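Numbering-wise, my numbering puts 55 at position 39 of the sequence shown, and it's gapless, one number per residue.
Structure record follows, encoded as structure tokens.
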Amino acid sequence: MLSNVLTTRRVHLPASLGLNPIDDLNKAWGCGLPADPAPNPLFVLALMDVVGKTIDQWNVANNSSENTKQQMWGPRKNCQNPRAYIGAGTP
């Protein structure tokens, strides 16, 4: 049995964090996430957003070149796995 914690759990993100996972991921990676009217985002999207921003900050702090960034990410985008993630409001 698989745990649904990543796809069903919602988390409160204080405005002071400046996080809006759906907007952030769509803007940075073109993930195509659907809008979610719920006040609290899904845990999985918040986690993806925080990880992406942490990696971005690490790159800035270490003066990483674009080539290094591309090597670290490889061909992956920081987007949901369409085989495992179903957007909010989708049955």
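Even glycine gets a Cβ: it sits at the ideal position worked out from N, Cα and C.
None of the values given here were measured: they were computed from a predicted structure.
Check: Taking the C-alpha atoms as reference points, what is the distance between valine 23 and tryptophan 74?
Finding: Residue numbering aside, residue 23 sits at position 7 when the sequence shown is read from its first letter. Residue numbering aside, residue 74 sits at position 58 when the sequence shown is read from its first letter. What sits at residue 23 in the sequence shown is threonine, not valine. Taking the CA atoms as reference points, threonine 23 sits about 27 angstroms from tryptophan 74.
Notebook entry, point to check: When we look at the beta-carbon of leucine 61 and count the other beta-carbons within 10 Å, is it buried (16 or more) or exposed?
Noted result: Along the sequence shown, one-based indexing puts residue 61 at 45. Buried, because 16 or more other Cβ atoms sit within 10 Å of the Cβ of leucine 61.
Check: Beta carbon of asparagine 79: closer than 8 angstroms to some heavy atom of the ligand NAD?
Finding: In the structure on display, the ligand NAD does not appear, and there are no ligands present to speak of.
Next item on the list: State yes or no: is the C-beta of leucine 49 within less than 9 angstroms of the C-beta of leucine 41?
Entry: By one-based count along the sequence shown, residue 49 stands at place 33. By one-based count along the sequence shown, residue 41 stands at place 25. Yes, the pair counts as a contact, with Cβ atoms nearer than the cut-off.
Next item on the list: Could you check what DSSP says for leucine 63 in three-state terms: helix, strand or coil?
Entry: As a position in the sequence shown, residue 63 is number 47, starting the count at 1. In this structure, DSSP gives leucine 63 a helical state, which the three-state scheme calls helix.
Checklist line | Among Ser81, Arg25, Pro98, nearest to leucine 58 - alpha-carbon criterion | finding: As a first step, residue 58 is located in the sequence shown; it is residue number 42 there, counting from the start. Comparing Cα-Cα distances from leucine 58 to each of Ser81, Arg25, Pro98, the minimum goes to Arg25.
Note to self: Is it buried or exposed, glycine 90, if we count other Cβ atoms within 10 angstroms and call 16 or more buried?
What the structure shows: Residue numbering aside, residue 90 sits at position 74 when the sequence shown is read from its first letter. Counting Cβ neighbours within 10 Å, glycine 90 comes out exposed, since fewer than 16 surround it.
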